[in-house]
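Just below is one structure, and these are the notes that go with it.
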Amino acid sequence: MTEWVVAPAPALPSGQRSQTFGRVVGGIVAIGVKELRGRMRGRRAFVILTLYLALLAIFALMVERIIETQFSNNFGGGLAANAGASIGQGIFAAVLMLMTLQVAFLAPSSTAGAISLEREKQTLDLLVTTPISSFAIVIGKLLSALIYVFLLIAASIPLMAAVFVFGGVGPEDMIKGYIVLIVAAIGLGSFGLLCSSLVKRTTAATAITIFGVLAITIGTVFILGFWQAMSGFDQNGNRRPGPFGVRSPAPLAWVNPFIAEADVLCGTESTFGGGWCGLVSGLVPTNEGVIFTNDPGVGVPPMPVPMPVGVPEKGIAPDGRQVFVGNDVVVVDGGGGIERRMVADVAAEPGQPFGVRRDGLWTRSVATWLILSAIFITLSVQAVSPTRRWRLRRGARVPKAPSA
Amino acid sequence: MSEIVRTDGLVKRYDGTLAVAGVDLAVEQGEIFGLVGPNGAGKTTTLRILATLLAPSAGTAEIAGMSVTRNPDQVRRVIGFMPDAFGVYDDMKVWEYLDFFARCYGIAPAARRRVIADLLELVDLADKRNSYVQTLSRGMQQRLCLAHALVHDPQVLLLDEPASGLDPRARVELRELLRELRSMGKTILISSHILPELEELCTSVVIIDRGQVLAQGRVTDIERRLRFGAVLRVRLLLEGEALEAARERFASDPDVASATLLEDGTIELGFRGDDAASARLLAASVAAGLPIVSFARAASDLEELFLQVTAQAPVAAA
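Going line by line, the protein sequences match chains A and B.
With the first letter of the first sequence counted as 1, position 351 gets the number 351 in the numbering used here; the numbers rise by one all the way through.
With the first letter of the second sequence counted as 1, position 62 gets the number 62 in the numbering used here; the numbers rise by one all the way through.
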C-alpha cells in the first residue's frame, strides 16, 4: 500500500501567533475555494453579471433622460447652467440607491443558507471534525458569499464613473457611497450568517433574515417618521422633543443603509433644507441639523433672522420682537439682548445653524455596522463550534445537543 | 500493548434523558473495535464525543493520550470520522471533495495531489475522479466519505454505521477495505447493529444497551464467558400432532433447555450442549425415524449472544 505524507500536527502553539494565523487563513482559503468552485462554475455567474451591468446602464440612461427632459421642459429644473450637475447628482443618487437595495437583500440572503444548508445536508459534522477553526468556517463562508456581491459592486464602478462627465458629484462622495455599500454588505451578510447558524432550517433562516432586513430598512424609517410626527413644532418652528423626551431615536437611523446613503447624497447638494438633506434631517433632527431657538438654556446657537431681499431695515418679527435687517447684517437676540452682527461672522461660528454639518451620519452608520458585524460573527462562531457553545439557559449545566 | 482510545465513566445527558450512562472503553492500537447495540443504545453519542462533536456531561475521553474536551484541535488531527448520516456537497467533483478536506488539514499542494490519487485508488474510485459527487451511488459515496476521513493519515478511524444502506456486495467491499486499513496499522472503532459483519471483522467488541456497557472484550472471550448455549432450528417433514410429538421428544432431551414450535413449522431448540452433543442429538433423532429436512444453528453466534445479553439485565456485565 502506498504511504502518504501529511503535514505533521503542529505542537501546541505557545505564542506562535503566525502559525495560528496561517492556519486560520488556510481554513478560510479552503472554505472559499470550495464555495467558489460551486458558485462560479460554468458561465452562469458571468452571464448574470453581464445582464446586471446592462440593466444598471439602461437604468442610469433612463434617469439621465428624465432629468434632461425636465430641464428642457423647464419643469422644476432650475437654471440650465446647472443641468449637468443635476444630471450627475441624479444618476449618482439613483444608481447608489438601487445598489443599496440590491446589497440590502442580496448580501443577507446569500449568507442565510451558509451554515443551515451544511446542517441540512449533514455536511457540517464532516467540516467541524477537521482542524479548521469555527472562526475560519464562519469567515470563509461570509467572504465567499459576499464575494459575488462585492463583484457586482466593483463592476458598477466604471458605470458610476460616467457621473463625472456630468459633474455635480465629487470623487469623495463616490468613495463615501461605496464605503457605505461595502460595510452594509458585510454587516447584513453577517446578520444572515448569524440567522443561518442559529436556526436549523434554511427556509426559516432566510425568512427571519428577510424580516430583519425589512425591519432595519422600512421599519426604522417608519419609527423615525412616527417619532417626528409625534413631536411637532414649537413657536420658533423648531421640532420639540418627541415621545419620552427624546428628540429622535437616532441609532435607528444608523442601522439603515438607505439613510446612510441619503446622508452621503446630502453631501453633494448645494442647497439645504430640501432633497436628501431635508429627508435626513426630517427623520433625524439633531443639534447639527436645522434647529433654531431663542432659548440659550438648551445650548443651541441663537436663531439668526433670515434677510430677505427688500425687507426694511427695521421691522417687527412674527413673535413681536423688533428686528433690524440689512444686507449682510443679521440681528440676533442672544438671550441677553439684541445683537447686531455680520452674516459672514455668524456663518463662520462653529456649530452655527447655517454651518450645518452635512453627511455626518454615514460615518456613524459605518461604525455601527462594523461593530454589529463583529458581534454577529462572534455569535456565529459560538453557534458553529460544537463543544464550546455558550449556554444561556437558566440553571442548565447540561449542554444542549447541537443535533439529534 | 498501548491503549490509543480510552474513556472513563463517560456520561451524556440530553435534556434529562441519559444517552450514555458511564461507558468505560479501552481500545488498543491496531484493533478493529466494534460497538454493538440496538438503535438508541448510545453508540453514536459515544462516537460523537470521541470525534469532539459533543461535550460529555461527565467522565473523560482520551485519544492518543489527548483529552477530547481539552485538546479538540489536537485530537482532530489524529482521528478520521465518518458519521452515520452524512451528506455530500452538490456541485462538487470527487477530486475537489477530497481536495477540500485535504486543504482543511493544511496539506501542501504537491502532497495533496498525491494523497488524492492514492486515496481514490484505495477506495476504488480512481475512474470517478472527475464525476460529480451527487451522481455517485450510495456505496461509492460511503467509500468517498471513508476516503475523506483518511486524507490526513489518521491513527484512529471512527466509523459510525459505515455499512448501513449498502447492498451486500458493497458491504463485502467495505469489509475488505477496513481489513486493508487495519493492515496499515490504523485503529478502527466501528459501530453497527448488523452483527455478522462485525463478528468476522472485529478483534474486540463492546455490547452497549441503554447507554451501558453490557460486555466487553475479545469476541472469543465474550462468547466463552457468556456461554448460554446455542439455538438450533430443526425442520421436519411432519405436520399437526406428529410435529407436536416430535417437539415433545426434543424437549425431553437433557441438553435441550426449551423447544418451541414456530409458526412456519420449524422447531427452535434452546441447546445447552456443545457440537458433539448436537451431533449426538441429530443421530438419535434420525435413528428414531424423524424425517429431518434441516438441522442447523440459528443465526450467527454474535447476534445470538447480543440478543441474549441485551435481553437480560446488565448482570452479564463483567
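Don't be surprised by glycine CBs; every beta carbon is placed ideally from N, CA and C.
Quick caveat, the model's predicted, so the values are computed rather than measured.
Spatial distance of residue i from residue j (CA atoms)
i: Ala21 (chain B); j: Gln74 (chain B); result: 26 Å
i: Ala55 (chain B); j: Gly27 (chain A); result: 23 Å
i: Ala229 (chain A); j: Gly278 (chain A); result: 15 Å
i: Phe21 (chain A); j: Arg76 (chain B); result: 18 Å
i: Thr102 (chain A); j: Ile147 (chain A); result: Looking at the sequence shown, residue 102 (chain A) is not Thr but Gln. Their backbone Cα atoms lie some 14 Å apart in a straight line.
i: Val206 (chain B); j: Gly265 (chain B); result: 35 Å
i: Leu35 (chain B); j: Ile190 (chain B); result: 6 Å
i: Val311 (chain A); j: Val280 (chain A); result: Since pLDDT at Val311 (chain A) reaches only 40, below the 50 mark, its modelled position is unreliable, and no value is offered.
i: Ala347 (chain A); j: Leu61 (chain A); result: Residue placement at Ala347 (chain A) is flagged as unreliable, the pLDDT there being 46, under the threshold of 50; the coordinate-derived value follows with that caveat. In a straight line, the C-alpha of Ala347 (chain A) is about 39 Å away from that of Leu61 (chain A).
i: Ala444 (chain A); j: Leu198 (chain A); result: Beyond the ends of chain A as shown, which are 1 and 404, falls residue 444 (chain A); an answer cannot be given.
i: Thr7 (chain B); j: Ala58 (chain B); result: 11 Å
i: Gly360 (chain A); j: Ala260 (chain A); result: 9 Å
i: Ala117 (chain B); j: Gln141 (chain B); result: 17 Å
i: Leu151 (chain A); j: Gln212 (chain B); result: 55 Å
i: Val305 (chain A); j: Ala57 (chain A); result: In this predicted model, Val305 (chain A) has a pLDDT of only 46, less than 50, meaning its place in the structure is not dependable; the value taken from the coordinates is given anyway. One C-alpha to the other measures close to 46 Å.
i: Met184 (chain B); j: Pro109 (chain B); result: 24 Å
i: Pro257 (chain A); j: Ser365 (chain A); result: 7 Å
Of the residues the options, the one placed nearest residue i, counting alpha carbons only
i: Phe166 (chain A); options: A:Thr123, A:Leu194, A:Arg119, A:Ser86; result: A:Ser86
i: Thr330 (chain B); options: B:Leu53, B:Ala242, B:Asp91; result: Missing from the structure shown is residue 330 (chain B); chain B here goes from 1 to 318 and no further.
i: Leu106 (chain A); options: A:Leu188, A:Cys195, A:Leu372, A:Thr50; result: A:Leu188
i: Arg210 (chain B); options: B:Met184, B:Glu3, B:Leu50, B:Thr17; result: B:Thr17
i: Leu290 (chain B); options: B:Pro109, B:Gly185, B:Arg249; result: B:Arg249
i: Thr206 (chain A); options: A:Phe46, A:Thr123, A:Gly113; result: A:Gly113
i: Val33 (chain A); options: B:Ala149, B:Lys12, B:Cys104, B:Glu239; result: B:Cys104
i: Arg48 (chain B); options: B:Ala26, B:Gly65, B:Gly80; result: B:Gly80
i: Val25 (chain A); options: A:Trp369, A:Thr111, A:Pro131; result: A:Pro131
i: Glu263 (chain B); options: B:Val68, B:Leu146, B:Pro109, B:Arg233; result: B:Arg233
i: Ala184 (chain A); options: A:Leu36, A:Phe164, A:Pro108; result: A:Pro108
i: Pro386 (chain A); options: A:Arg44, A:Ser18, A:Ile137; result: A:Ile137
i: Ile186 (chain A); options: A:Gly140, A:Val163, A:Glu68; result: A:Gly140
i: Arg272 (chain B); options: B:Ile208, B:Ser294, B:Val231, B:Leu166; result: B:Val231
i: Ala296 (chain B); options: B:Ile267, B:Leu181, B:Ile188, B:Asp124; result: B:Ile267
i: Ser144 (chain A); options: A:Leu117, A:Ala93, A:Arg39; result: A:Arg39
i: Val323 (chain B); options: B:Phe33, B:Gly30, B:Lys12, B:Glu31; result: Here chain B has residues from 1 to 318 only, and residue 323 (chain B) is not among them.
i: Tyr132 (chain B); options: B:Gly87, B:Ala102, B:Trp95; result: B:Trp95
Residues sharing a beta bridge with residue i, DSSP
i: Ala230 (chain B); result: B:Phe271
i: Ala215 (chain B); result: B:Ile207
i: Phe295 (chain B); result: B:Val234
i: Lys93 (chain B); result: B:Tyr132
i: Thr341 (chain B); result: In the structure as shown, chain B starts at 1 and stops at 318, and residue 341 (chain B) therefore has no counterpart that could be examined.
i: Gly34 (chain B); result: B:Ile190, B:Val205
i: Met66 (chain B); result: B:Ile63
i: Ala58 (chain B); result: B:Val11
Where the alpha helix (DSSP H) through residue i begins and ends
i: Leu127 (chain A); result: 124-128
i: Glu28 (chain B); result: It is not in any alpha helix (DSSP H) - Glu28 (chain B) instead sits in the beta strand (DSSP E) that spans 17-28.
i: Lys12 (chain B); result: Segment 3-14 is the beta strand (DSSP E) holding Lys12 (chain B); no alpha helix (DSSP H) there.
i: Leu159 (chain B); result: Counting along the chain, Leu159 (chain B) falls outside any alpha helix (DSSP H), though it belongs to the beta strand (DSSP E) covering 156-160.
i: Glu121 (chain B); result: 109-122
i: Asp263 (chain A); result: 257-266
i: Ser40 (chain A); result: Residue identity check: residue 40 (chain A) is Met in the sequence provided, not Ser. Note, Met40 (chain A): premise wrong, no alpha helix (DSSP H); not H, not E.
i: Arg175 (chain B); result: 168-183
i: Lys200 (chain A); result: Segment: none, Lys200 (chain A) is in no alpha helix (DSSP H) and carries neither H nor E.
i: Lys141 (chain A); result: 134-155
i: Ala245 (chain B); result: 240-251
i: Val163 (chain A); result: 163-166
i: His148 (chain B); result: 138-148
i: Glu269 (chain A); result: Element bounds for Glu269 (chain A): n/a, residue is neither H nor E.
i: Ile87 (chain A); result: 83-111
i: Gly165 (chain B); result: Element bounds for Gly165 (chain B): n/a, residue is neither H nor E.
i: Lys43 (chain B); result: 43-50
Where the beta strand (DSSP E) containing residue i begins and where it ends
i: Asp255 (chain B); result: Element bounds for Asp255 (chain B): n/a, residue is neither H nor E.
i: Ala80 (chain B); result: It should be pointed out that residue 80 (chain B) corresponds to Gly in this sequence rather than to Ala. From DSSP, the beta strand (DSSP E) with Gly80 (chain B) extends over 79-82.
### Task
Name, going along the chain, the residues of the region 27-43 of chain A whose beta-carbon falls closer than 9 Å to a beta-carbon of chain B.
Gly27, Val29, Ala30, Ile31, Val33, Lys34, Arg37, Gly38, Arg39, Arg41
### Members of the region 125-152 of chain B near chain A, C-beta cut-off 9 Å
Cys145, His148, Ala149, Leu150, Val151, His152
### Query
Residues in the region 110-127 of chain A with C-beta within 7 Å of chain B's C-beta atoms, listed in sequence order?
Lys121, Gln122, Thr123, Asp125, Leu126
#### Entry: Residues from the region 100-111 of chain B in contact with chain A, defined by Cβ distance under 9 Å
Phe100, Phe101, Ala102, Arg103, Cys104, Tyr105, Gly106, Ile107, Ala108, Ala111
#### Entry: Chain-ordered residues of the region 127-142 of chain A with a beta carbon less than 7 Å from chain B
Val128, Thr129, Thr130, Pro131, Ile132
### Task
Could you list the residues in the region 194-217 of chain A with a C-beta less than 7 Å from some C-beta on chain B, going in chain order?
If the cut-off is 7 Å between Cβ atoms, the region 194-217 of chain A has nothing near chain B.
### Message
Output needed in chain order: residues of the region 73-89 of chain B with a Cβ under 9 Å from some Cβ in chain A.
### Response
Listed by position along the chain: Asp73, Gln74, Arg76, Arg77, Val78, Ile79, Gly80, Phe81, Met82, Pro83, Ala85, Phe86, Gly87, Val88, Tyr89.
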